[in-house]
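A.B. asks: Numbering (our numbering), first residue to last: 4 to 350.
Cβ atoms here follow ideal geometry from the backbone N, Cα and C, with glycine treated the same way.
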Ligand code: PMP
């Protein structure tokens, strides 16, 4: 606390990201990155940007990237918003679409950045408990609200809500914005982008950090009705005109064109996940059904925090959350078969 701070800063409770260790010999299974490198076409497109043109600002509207996203999903560019990681896109959504009288609803177990944005923007929220199997119950959201947001698949559980249930959520709250945070959708679900033309209150966010292996590039996006996108553009253009730099725009646009790399990468992760789940179950772990590039597991006898600490001593890092309801779970990112084997050996 300092006398120089704006008063609200004292009460902020910032998000704590997973550790990015300086040591390079660790088996890093703690922040859900892709285990393989990005598309070679994306890397090539980025290399081509490393020239004297970097003295020029990028396109503030990122039209080339929006066009690539629009083509990929079969929507119009006016239905696409892009930002510096989906975290920034989410920040603008909270700021521009969720500041209403009624409380924002999201699952009690979900992305821990949501309550942080509520704190930053002064948004009232009500956590809605997942059921005893850690699933979202659609009927629990059928009440007055100032917006709804949830990850699908959910994080950190990995559980998928079927597309029909997502549609029901959008249909039963036509007067509020329903945001589906699809950071992990490519590892096992069907995108709700297919529904945005029928539900003007539905907004879908995605990221290039997971299934496109570009977490270091910081590119995320939202797709929805042009009126929702316009709100995000207004907020963005009141905050930072150039969130997507020249290198990022070229790399992200190229990544959407490399469908072969994308398919191969995600199929490899899905196959590794299934092997890992089976191996953990053999060792007595309860593993929630995962449609993501991570799994959420607990052991009936061993304390999760202790397992995480001991794994770290052996050079394997996984994520443990202190939140009471999930304090006995570990979230483990799916690595390469070699990394997953190192985890199993350490266990
Ligand atoms: N949503 C969820 C559910 C996530 O787990 C993450 C990754 N921490 C994000 C959004 C943000 O990802 P990024 O900012 O890298 O796009």
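If contact is defined by three or more beta carbon pairs under 8 Å, each pair taking one atom from either stretch, is the region 259–271 in contact with the region 151–170?
C.D. replies: Not touching, per the Cβ criterion.
A.B. asks: Check whether the Cβ atoms of residue 302 and residue 318 sit closer than 9 Å, and answer yes or no.
C.D. replies: One-based indexing of the chain shown puts residue 302 at position 299. One-based indexing of the chain shown puts residue 318 at position 315. Against a cut-off of 9 Å, the Cβ pair of residue 318 and residue 302 comes out as no contact.
A.B. asks: For residue 130, report the span of its beta strand (DSSP E) as first-last.
C.D. replies: For the purposes of this step, residue 130 is identified with residue 127 of the chain shown, where counting begins at 1. Per DSSP, residue 130 belongs to the beta strand (DSSP E) from 128–131.
A.B. asks: List the endpoints of the continuous beta strand (DSSP E) containing residue 214.
C.D. replies: If you number the chain shown from 1, residue 214 lands on position 211. Looking at the DSSP string, residue 214 is not in any beta strand (DSSP E), and its letter there is neither H nor E.
A.B. asks: Does DSSP classify residue 278 as helix, strand or coil?
C.D. replies: Here residue 278 refers to the residue found at position 275 when the chain shown is read from its first residue. DSSP places residue 278 in helix when its eight states are reduced to three.
A.B. asks: Report the three-state DSSP secondary structure of residue 139 (helix, strand or coil).
C.D. replies: Taking the first residue of the chain shown as position 1, residue 139 is located at position 136. If DSSP states are grouped into helix, strand and coil, residue 139 belongs with coil.
A.B. asks: At 4 residues or longer, and completely inside the region 5–68: list those alpha helix (DSSP H) runs for me, N to C.
C.D. replies: Those alpha helix (DSSP H) runs which fall completely within the region 5–68 and span 4+ residues are 43–50.
A.B. asks: Can you name the start and end residues of the beta strand (DSSP E) that residue 169 belongs to?
C.D. replies: Locating residue 169 in the chain shown gives position 166, counting from the first residue. First-last for residue 169: 166–175, but that is the alpha helix (DSSP H), not the beta strand (DSSP E).
A.B. asks: Which of the three DSSP states is assigned to residue 161 in this structure?
C.D. replies: Sequence index remark: in the chain shown, residue 161 carries index 158 (1-based). Residue 161 falls in the coil class under three-state DSSP.
A.B. asks: Considering only C-alpha positions, which residue in the set 59, 61, 60 and 82 is nearest to residue 70?
C.D. replies: What you label residue 70 is simply residue 67 of the chain shown in a count that begins at 1. The option with the nearest alpha carbon to residue 70 is 82.
A.B. asks: Buried or exposed: which applies to residue 17, given that a residue is buried once 16 or more other Cβ atoms fall within 10 Å of its Cβ?
C.D. replies: Indexing the chain shown from 1 puts residue 17 at position 14. Its Cβ having fewer than 16 others within 10 Å, residue 17 is exposed.
A.B. asks: So is the beta-carbon of residue 35 under 8 Å away from any non-hydrogen atom of ligand 1?
C.D. replies: Here residue 35 refers to the residue found at position 32 of the chain shown. Checking every heavy atom of ligand 1 against the Cβ of residue 35, one is found closer than 8 Å.
A.B. asks: What's the call for residue 345, buried or exposed, on a 16-neighbour Cβ count within 10 Å?
C.D. replies: Position 342 of the chain shown holds residue 345. With 16 or more other Cβ atoms within 10 Å, it is buried.
A.B. asks: Any residue with its C-beta under 5 Å from a non-hydrogen atom of ligand 1 counts. Can you list them all in chain order?
C.D. replies: Residues with a Cβ closer than 5 Å to any heavy atom of ligand 1, in chain order: 88, 89, 90, 114, 154, 158, 184, 186, 210, 212 and 223.
A.B. asks: When DSSP labels each residue in this structure, what does residue 232 get in the three-state scheme?
C.D. replies: The residue you call residue 232 lines up with position 229 of the chain shown. Note: residue 232 maps to helix in three-state DSSP.
A.B. asks: Quick one: grab the DSSP three-state call for residue 304.
C.D. replies: As a first step, residue 304 must be located in the chain shown, where it is residue number 301. In the structure shown, residue 304 sits in coil (DSSP, three-state: anything other than H, G, I, E or B).
A.B. asks: If you scan the region 171–207 from start to end, which runs of the beta strand (DSSP E) of 3 or more residues do you find wholly inside it?
C.D. replies: As far as the region 171–207 is concerned, its whole beta strand (DSSP E) runs of at least 3 residues are 181–184.
A.B. asks: In this structure, does DSSP put residue 241 in helix, strand or coil?
C.D. replies: Within the chain shown, the letter at position 238 stands for residue 241. Three-state result, residue 241: coil.
A.B. asks: Is residue 89 helix, strand or coil when you go by DSSP?
C.D. replies: Position 86 of the chain shown holds residue 89. Helix at residue 89.
A.B. asks: Buried or exposed, going by whether 16 or more other CB atoms sit within 10 Å of the CB of residue 213?
C.D. replies: For the purposes of this step, residue 213 is taken as residue 210 along the chain shown, with counting starting at 1. The residue in question, residue 213, is buried, as its Cβ has 16 or more Cβ neighbours within 10 Å.
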